[in-house]
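Chemist:
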Amino acid sequence: MSRDCLVLRVAVPAPLPRWFDYLAPRACPHPPQPGMRVKVPFGRGEAVGLIIELAGDSALPRERLKHAVSLLDEEPLLDKPLLDLLRWASAYYHHPIGEVIAAALPGLLRAGRPANTGARSASARPFPPLEEEMGMRAAPAPALNAAQAAAMTGVAQADGFQVFLLQGVTGSGKTEVYLRLIEQVAARGAQALVLAPEIGLTPQLLARFEQRFAASIALLHSGLTERERARNWLAARAGLAPIVLGTRSAVFAPLKNPGLIIIDEEHDASFKQQDGFRYHARDVAIVRAQRAGIPVLLGSATPSLESLYNVRQGRYRLLSLPERAGGAAHPQLQLLDVRGQSLQGGLSAPLLAAAGEHLARGEQVLLFLNRRGYAPLLMCHACGWSAQCERCDARMVLYLDRTRALHCQHCGAQRARPEQCAACHGGELRVLGYGTERVEQTLRQRFPDTEVLRIDRDSTRRKGALGELLTRAQSGRAQILIGTQMLAKGHHLPNVTLAGILNADQGLFGADFRAAERMAQLIVQVAGRAGRADKPGRVLIQTHHPAHPLLTALIRDGYAAFAEAALMEREHAHLPPCSHLALLRAEAVNRNAPLEFLHAAQTAAGPLAGNAIQLLGPVSAPMERRAGRYRAQLLLQAVRRADLQRLLDAWMPLLETIKTARKVRWSLDVDPVEML
Ligand code: ADP
Ligand code: ZN
Ligand code: ZN
Numbered sequence: 002m003s004r005d006c007l008v009l010r011v012a013v014p015a016p017l018p019r020w021f022d023y024l025a026p027r028a029c030p031h032p033p034q035p036g037m038r039v040k041v042p043f044g045r046g047e048a049v050g051l052i053i054e055l056a057g058d059s060a061l062p063r064e065r066l067k068h069a070v071s072l073l074d075e076e077p078l079l080d081k082p083l084l085d086l087l088r089w090a091s092a093y094y095h096h097p098i099g100e101v102i103a104a105a106l107p108g109l110l111r112a113g114r115p116a117n118t119g120a121r122s123a124s125a126r127p128f129p130p131l132e133e134e135m136g137m138r139a140a141p142a143p144a145l146n147a148a149q150a151a152a153m154t155g156v157a158q159a160d161g162f163q164v165f166l167l168q169g170v171t172g173s174g175k176t177e178v179y180l181r182l183i184e185q186v187a188a189r190g191a192q193a194l195v196l197a198p199e200i201g202l203t204p205q206l207l208a209r210f211e212q213r214f215a216a217s218i219a220l221l222h223s224g225l226t227e228r229e230r231a232r233n234w235l236a237a238r239a240g241l242a243p244i245v246l247g248t249r250s251a252v253f254a255p256l257k258n259p260g261l262i263i264i265d266e267e268h269d270a271s272f273k274q275q276d277g278f279r280y281h282a283r284d285v286a287i288v289r290a291q292r293a294g295i296p297v298l299l300g301s302a303t304p305s306l307e308s309l310y311n312v313r314q315g316r317y318r319l320l321s322l323p324e325r326a327g328g329a330a331h332p333q334l335q336l337l338d339v340r341g342q343s344l345q346g347g348l349s350a351p352l353l354a355a356a357g358e359h360l361a362r363g364e365q366v367l368l369f370l371n372r373r374g375y376a377p378l379l380m381c382h383a384c385g386w387s388a389q390c391e392r393c394d395a396r397m398v399l400y401l402d403r404t405r406a407l408h409c410q411h412c413g414a415q416r417a418r419p420e421q422c423a424a425c426h427g428g429e430l431r432v433l434g435y436g437t438e439r440v441e442q443t444l445r446q447r448f449p450d451t452e453v454l455r456i457d458r459d460s461t462r463r464k465g466a467l468g469e470l471l472t473r474a475q476s477g478r479a480q481i482l483i484g485t486q487m488l489a490k491g492h493h494l495p496n497v498t499l500a501g502i503l504n505a506d507q508g509l510f511g512a513d514f515r516a517a518e519r520m521a522q523l524i525v526q527v528a529g530r531a532g533r534a535d536k537p538g539r540v541l542i543q544t545h546h547p548a549h550p551l552l553t554a555l556i557r558d559g560y561a562a563f564a565e566a567a568l569m570e571r572e573h574a575h576l577p578p579c580s581h582l583a584l585l586r587a588e589a590v591n592r593n594a595p596l597e598f599l600h601a602a603q604t605a606a607g608p609l610a611g612n613a614i615q616l617l618g619p620v621s622a623p624m625e626r627r628a629g630r631y632r633a634q635l636l637l638q639a640v641r642r643a644d645l646q647r648l649l650d651a652w653m654p655l656l657e658t659i660k661t662a663r664k665v666r667w668s669l670d671v672d673p674v675e676m677l
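Read left to right, the sequence shown gives residues 2 to 677 (my numbering).
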């Protein structure tokens, strides 16, 4: 085949579910290959695309094909296994291949910068060989206990692809198992890919890795500069970095010689991208490991029901670490029945008393509440009016903020606190309910000599603020820490001996079917923050439903018992992991357009669905209007994943042709994690 009749199938970063054909560039110093970037004419300008295939001809007549402008790489930037993985992800999540590839590339390379970007600036050999570094290691690794050794041997002896679930409470030594396995993988010249939820939120994991391996780690997360990111990505690709540690999108990092994939906190919802290309990094990692023929290790104190179900089905192998490694006792969990009790800023008398005792002993107290702001409701006592957001079907939340006290937590709108009711002009506006600011205020009044630190999205908005707050918290002084789930994640706070959950009921009656699972995970994670060897921890959980079966299973018998009960509920309700879902969402400024589009989509799906797939809806979203747009959704449910995929394959092209499709923004979410 002569070069000038060669057709390049190019993925271009555009929201179109197809590739584009070009002729090879007129001047082409070396033969084009799949995985190379190429500059192409696109629309009225030019775009940087990636060659995904070479072909002898095109569906378009030859005279309509344009020549690519130039080839940007001398060798493929993405190798065949990675390119195939991205093509699989594009097909599975039904997302345009060009955008999928763009998500996998660092910004500089996406923009067409040469693939030696960063390599030149990094003269200091940036990634010294591992043996050299291990020699410099300060602290020797502890000898593994029997459970850790068994877990490690299990994974180390895996012959090719196998999924392991490492279940162990906080402090049971999971990270130590990761470190040992990584050491082994690196010693034989292979690479370990480690994914963690939000590295910025869990500096402790990174610190542990750096203590052990220092410069051998290629970091990939959003806190890096574009240059650092490109440099680390290229080091992973060249095989110079034995360890690649990153957040969600690092699942697509290039690896010259993959040996092992580890997903820490595998249950964490942040592994799922919630907009655009809605992939789940844990699920993609498992497919990647399968294709590469390597083991994958999922670690968590509170595994997702998905992973536990896979263990039950015999697909994953369970490895358990039942004891805390340093010998610390398990924290003691206790429900506080707050029915009929008077609460002070959300705190019951027994919780306040317990806090007082622990503070008096010089210990720290951690309080958890998943609601930001001062109070969720400002209501007129005369007529019941409350402040609503003008652009969302939601109430404005009251903040201590003097000038713009009312905030919408959905669209960010802010306005001043009214002096009087907007409906009856009455002057008695009451503050109802409580958020973290109000709890903070109550605690300051009650314990005037104690420092109170509030850690939530509002108090950590400024860059560096979270780090400063955590450093203060880690000082170990008697302190009260009040926060949202941000505070529950892997921070090491050894002087916390009492943890309080202010409102467990939020999770029991959430609109999302995963609400109870999340609450249970959170309770166990919060409990994991409390206590250490010499000071056992205590966890008090306020609830109006002390007899709720899921809550009592969790408190009395632990997370495994909770998960067993929750799985049974899912089975009866035909919900994941006992079925598979896809959610078609639509939104528009016009109120009727989303439902019209979804009805047409449902009609189109009818003949394809047969008995294998249930179509539920369409219905308006639980919060129908958000930021001025009306939202609706159609849910697809199937017992077998393959049936669902077959329908989506045939259905997606039809959606493009629906007349009302142009009047709405629509998107498909395969295996949705947020249902709202
Ligand atoms: P996890 O990741 O499950 O929270 P870590 O691996 O961080 O647990 O271990 C918790 C603490 O126990 C750490 O300080 C770690 O250094 C220590 N540790 C882990 N394994 C051992 C062991 N086998 N012997 C002694 N200490 C250990
Ligand atoms: Zn009123
Ligand atoms: Zn709003």
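Note that beta-carbon positions come from the ideal geometry of N, C-alpha and C, so glycine has one too.
Hey, would you say the C-beta of residue 522 is under 7 angstroms away from at least one heavy atom of ligand 1?
Modeler: To locate residue 522, count along the sequence shown from 1; it is residue 521. The answer is no for residue 522.
Chemist: Work out the CA separation of residue 47 and residue 9 for me, nearest whole Å.
Modeler: The residue you call residue 9 lines up with position 8 of the sequence shown. The residue you call residue 47 lines up with position 46 of the sequence shown. One C-alpha to the other measures close to 16 angstroms.
Chemist: Using the rule of at least 16 other Cβ atoms within 10 Å of the residue's Cβ for burial, across every protein chain shown, is residue 517 buried or exposed?
Modeler: Numbered from its first residue, the sequence shown carries residue 517 at position 516. When all chains shown are included, residue 517 counts as buried.
Chemist: Say yes only if the C-beta of residue 1 is nearer than 7 angstroms to one or more non-hydrogen atoms of ligand 3, and no if none qualify.
Modeler: Residue numbering for the chain in the displayed model covers 2 to 677; residue 1 lies beyond these limits and cannot be assessed.
Chemist: Spell out the partners DSSP gives residue 381 in its beta bridges.
Modeler: As a first step, residue 381 must be located in the sequence shown, where it is residue number 380. BP columns for residue 381 point to 430.
Chemist: Based on the DSSP secondary-structure assignment, which residues constitute the bridge partners of residue 630?
Modeler: Within the sequence shown, the letter at position 629 stands for residue 630. For residue 630, which the question treats as bridged, DSSP gives the partners 627.
Chemist: Do the CB positions of residue 423 and residue 386 come within less than 8 angstroms of each other?
Modeler: The sequence position of residue 423 within the sequence shown is 422, counting from 1. The sequence position of residue 386 within the sequence shown is 385, counting from 1. Going by C-beta atoms, residue 423 is nearer than 8 angstroms to residue 386.
Chemist: Taking the beta strand (DSSP E) that residue 287 belongs to, which residues open and close that run?
Modeler: Residue mapping note: residue 287 aligns to position 286 of the sequence shown, counting from 1. Premise fails: residue 287 lies in the alpha helix (DSSP H), 282–293, not in any beta strand (DSSP E).
Chemist: Could you spell out where the beta strand (DSSP E) holding residue 483 opens and where it closes?
Modeler: What you label residue 483 is simply residue 482 of the sequence shown in a count that begins at 1. Note, residue 483: beta strand (DSSP E), 480–484.
Chemist: Any chance the CB of residue 412 is under 7 angstroms from a heavy atom of ligand 3?
Modeler: Residue mapping note: residue 412 aligns to position 411 of the sequence shown, counting from 1. Under cutoff, so the answer is yes.
Chemist: Are the Cβ atoms of residue 149 and residue 299 separated by less than 8 angstroms?
Modeler: The count along the sequence shown starts at 1 and reaches residue 149 at position 148. The count along the sequence shown starts at 1 and reaches residue 299 at position 298. The answer is no: Cβ separation not under 8 angstroms.
Chemist: For residue 256, does the count of other Cβ atoms within 10 angstroms reach 16, so buried, or fall short, so exposed?
Modeler: Here residue 256 is taken as the residue at index 255 of the sequence shown, counted from 1. Buried, by the Cβ-count rule.
Chemist: So residue 184 is in the beta strand (DSSP E); what residue range does that whole segment cover?
Modeler: Sequence index remark: in the sequence shown, residue 184 carries index 183 (1-based). No beta strand (DSSP E) contains residue 184, which is instead part of the alpha helix (DSSP H) from 175–188.
Chemist: Find out if the Cβ-Cβ distance for the pair residue 522, residue 303 is shorter than 8 angstroms.
Modeler: For the purposes of this step, residue 522 is identified with residue 521 of the sequence shown, where counting begins at 1. For the purposes of this step, residue 303 is identified with residue 302 of the sequence shown, where counting begins at 1. Yes. Within cutoff.
Chemist: Using DSSP with H/G/I as helix, E/B as strand and the rest coil, what is residue 317?
Modeler: In the sequence shown, counting from the first residue as 1, residue 317 sits at position 316. Note: residue 317 maps to strand in three-state DSSP.
Chemist: When every heavy atom of ligand 1 is checked, does at least one fall within less than 7 angstroms of the C-beta of residue 591?
Modeler: Here residue 591 is taken as the residue at index 590 of the sequence shown, counted from 1. Answer for residue 591: no, Cβ out of range of ligand 1.
Chemist: Closer than 7 angstroms to a non-hydrogen atom of ligand 3 - does that hold for the CB of residue 236?
Modeler: For the purposes of this step, residue 236 is taken as residue 235 along the sequence shown, with counting starting at 1. No, Cβ of residue 236 sits at least 7 angstroms from all heavy atoms of ligand 3.
Chemist: Exposed or buried, what is residue 624 when buried is set at 16 or more other beta-carbons lying within 10 Å of its beta-carbon?
Modeler: Taking the sequence shown and counting its residues from 1, one reaches residue 624 at position 623. So residue 624 ends up on the exposed side.
Chemist: Once DSSP output is grouped into helix, strand and coil, what is the label at residue 506?
Modeler: For this step, residue 506 is matched to residue 505 along the sequence shown. Reduced to three states, the DSSP call for residue 506 is helix.
Chemist: Over the uninterrupted beta strand (DSSP E) stretch that includes residue 42, give me the two end residues.
Modeler: Taking the first residue of the sequence shown as position 1, residue 42 is located at position 41. From DSSP, the beta strand (DSSP E) with residue 42 extends over 38–43.
Chemist: Under 8 angstroms by Cβ, that's how I've got residue 295 and residue 262 pegged, so tell me the actual separation to the nearest angstrom.
Modeler: Locating residue 295 in the sequence shown gives position 294, counting from the first residue. Locating residue 262 in the sequence shown gives position 261, counting from the first residue. Yes, they are in contact, since the Cβ atoms of residue 295 and residue 262 sit about 7 angstroms apart, within 8 angstroms.
Chemist: In three-state DSSP terms, what is residue 106?
Modeler: Here the question's residue 106 lines up with position 105 in the sequence shown. Note: residue 106 maps to coil in three-state DSSP.
Chemist: Can you tell me which of 650, 281, 291 puts its alpha carbon nearest to the alpha carbon of residue 305?
Modeler: Counted from its first residue, the sequence shown places residue 305 at position 304. Among 650, 281, 291, the Cα nearest to that of residue 305 belongs to 281.
Chemist: Are at least three pairs of beta-carbons, each pair with one atom in the segment 369–380 and one in the segment 430–441, less than 8 angstroms apart?
Modeler: The segment 369–380, when compared against the segment 430–441, does touch it at the 8 angstroms Cβ threshold.
Chemist: Flag residue 175 as yes when its Cβ comes closer than 7 angstroms to any non-hydrogen atom of ligand 1, and as no otherwise.
Modeler: Taking the first residue of the sequence shown as position 1, residue 175 is located at position 174. Yes, since a heavy atom of ligand 1 falls inside the 7 angstroms radius drawn around the Cβ of residue 175.
Chemist: Got a sec? Which residues, its chain only, sit under 6 angstroms from residue 243 by beta carbon, not counting five neighbours each side?
Modeler: Position 242 of the sequence shown, counted from the start, is the residue given in the question as residue 243. Counting only Cβ-Cβ distances below 6 angstroms, and skipping sequence neighbours, we find 131, 187, 192, 217.
Chemist: Could you pull out every residue in the same chain whose Cβ sits closer than 7 angstroms to the Cβ of residue 70, ignoring the five residues on either side in sequence?
Modeler: Here residue 70 refers to the residue found at position 69 when the sequence shown is read from its first residue. Contacts found: 26, 40, 41, 42, 47.
Chemist: Residue range of the beta strand (DSSP E) that residue 475 falls in?
Modeler: Locating residue 475 in the sequence shown gives position 474, where the first residue counts as 1. Here residue 475 belongs to no beta strand (DSSP E), and DSSP marks it neither H nor E.
Chemist: Following the continuous beta strand (DSSP E) through residue 265, name the residue where it begins and the one where it ends.
Modeler: The sequence position of residue 265 within the sequence shown is 264, counting from 1. Counting along the chain, the beta strand (DSSP E) containing residue 265 begins and ends at 259–265.
Chemist: Whose CA, out of 113, 373, 91, 111, lies closest to the CA of residue 462?
Modeler: Taking the sequence shown and counting its residues from 1, the one referred to as residue 462 is at position 461. Nearest of 113, 373, 91, 111 to residue 462, Cα basis: 373.
Chemist: In angstroms, rounded to a whole number, what distance separates the CA positions of residue 460 and residue 466?
Modeler: As a first step, residue 460 is located in the sequence shown; it is residue number 459 there, counting from the start. As a first step, residue 466 is located in the sequence shown; it is residue number 465 there, counting from the start. So the two alpha carbons sit approximately 7 angstroms from each other.
Chemist: On the three-state DSSP scale, how would you describe residue 369?
Modeler: Numbered from its first residue, the sequence shown carries residue 369 at position 368. Three-state result, residue 369: strand.
Chemist: Can you determine whether any heavy atom of ligand 1 sits closer than 7 angstroms to the C-beta of residue 145, and answer yes or no?
Modeler: Indexing the sequence shown from 1 puts residue 145 at position 144. Residue 145: yes, Cβ under 7 angstroms from ligand 1.
Chemist: Could you check what DSSP says for residue 248 in three-state terms: helix, strand or coil?
Modeler: The count along the sequence shown starts at 1 and reaches residue 248 at position 247. Coil.
Chemist: Considering only heavy atoms of ligand 3, does any lie closer than 7 angstroms to the CB of residue 392?
Modeler: Locating residue 392 in the sequence shown gives position 391, counting from the first residue. Yes, the Cβ of residue 392 comes within 7 angstroms of a heavy atom of ligand 3.
Chemist: Let me know the secondary structure DSSP gives residue 536 once reduced to three states.
Modeler: Start at 1 with the first residue of the sequence shown, and residue 536 comes out as number 535. Three-state DSSP puts residue 536 in a strand.
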